Structure formats: structure tokens, C-alpha cells
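Residue numbers (my numbering): 49 to 112. Each residue gets a CB set at the ideal place from its N, CA and C atoms; glycine is no exception. If you're wondering where the values come from, they're calculated on a predicted model, not measured in any experiment.
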């Protein structure tokens with residue numbers, strides 16, 4: 049998550065995140081509890097996910 053524990057991003061996915069946890073899955077919050085989503089946090093989140101992964105496939109979206 050690009051937020052701290054207790055915040056969902058995007059907010060409309062809060063029920064999905066609750067279902068993940070109820071089914072035995074987990075969510076990773078690398079930031080302080082309640083931290084808001086900030087653009088620069090996506091880079092830190094992505095670096096953490098890459099470090100936890102066996103393999104990473106990067107794709108690039110077209111310019112808008």
C-alpha cells in the first residue's frame with residue numbers, strides 16, 4: 049500500500065482489502081499508521097514489492 053495502516057488506497061477498494069485479510073491473505077503497509085497516500089510513496093512501495101518478489105515484469109503505459 050502507498051499508505052499507512054488504517055487507510056485504503058483507493059478508498060473504494062476497502063472491502064476488497066478486508067476480504068483479502070479475512071481469507072488469510074495479508075497486506076503490506078511500509079509507512080506509519082494513518083499515513084496518507086503521496087505520489088513519492090508509490091516508488092518506495094514498488095521498491096519494497098520488487099524486493100519481496102522472485103521475479104518482476106515491468107510494463108510501460110502509453111502517454112496520455
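Residue 50 has its alpha-carbon roughly 12 Å from the corresponding atom of residue 59. Between residue 79 and residue 52, the gap from beta carbon to beta carbon is short of 7 Å. A residue is called buried when at least 16 other Cβ atoms come within 10 angstroms of its Cβ; residue 93 meets this threshold and is buried. Distances from the alpha-carbon of residue 56 to those of 81, 105, 112 put 81 closest.
Here residue 79 carries a strand assignment [DSSP, helix/strand/coil].
Going by C-alpha positions, residue 83 is about 15 Å away from residue 75.
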